[in-house]
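Residues in the sequence shown are numbered consecutively from 61, following the working numbering. We put the CB at the ideal spot given by N, CA and C, even for glycine. This report refers to the structure that appears directly beneath it.
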Amino acid sequence: MVKRVFGKVDGIEVNYDHSKGDWWNVPVPLDIDGEYVIEVIAEDEAGNQSFITRLLYTVKGENICVHQLPLSGYLFEKVERKICFNRMYPKCKEVQR
61 MVKRVFGKVD
71 GIEVNYDHSK
81 GDWWNVPVPL
91 DIDGEYVIEV
101 IAEDEAGNQS
111 FITRLLYTVK
121 GENICVHQLP
131 LSGYLFEKVE
141 RKICFNRMYP
151 KCKEVQR
């Protein structure tokens, strides 16, 4: 079971707040260019830590683009997920499915 989730947003260390179930919230510092590199690490009850992912979020006006960047040396598998943003609608013209 995941006890703690933490990481970095644009190099600034952040702690995620557990909401409910598998939902975690994170405060994000303002970035003028609208691009956020987010690194996520999970820790279980025994203190074991695992690097989960590195994501690039681009926020420009009402458009949000989410790009998952695989790291060399890691096995990368695309997992379909629903991502919920309050009052924002995900759109991306740069990446086609």
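For Asn85, the enclosing beta strand (DSSP E) covers residues 83–85. Sequence-distant Cβ neighbours of Trp84 in its own chain, meaning closer than 8 Å and more than five residues away, are Val65, Tyr76, Asp77, His78. Annotated as proximal: Val62 and Asp104, with beta-carbon spacing under 8 Å. Secondary structure at Ala102: strand, using DSSP grouped into helix, strand and coil. C-alpha of Thr118 to C-alpha of Gly94: approximately 6 Å in a straight line.
Considering only Val97, Asp82, Gly81, the residue with the shortest C-alpha distance to Ile72 is Val97. It is roughly 16 Å from the alpha-carbon of Ser110 to the alpha-carbon of Asp82. According to DSSP, residue pairing for Ile72 in a beta bridge involves Val69. Contact check for Glu99 and Lys68: beta-carbon distance about 5 Å, within the 8 Å limit, so the pair qualifies. DSSP, reduced to helix, strand and coil, places Asp93 outside both helices and strands of the structure shown, so it counts as coil.
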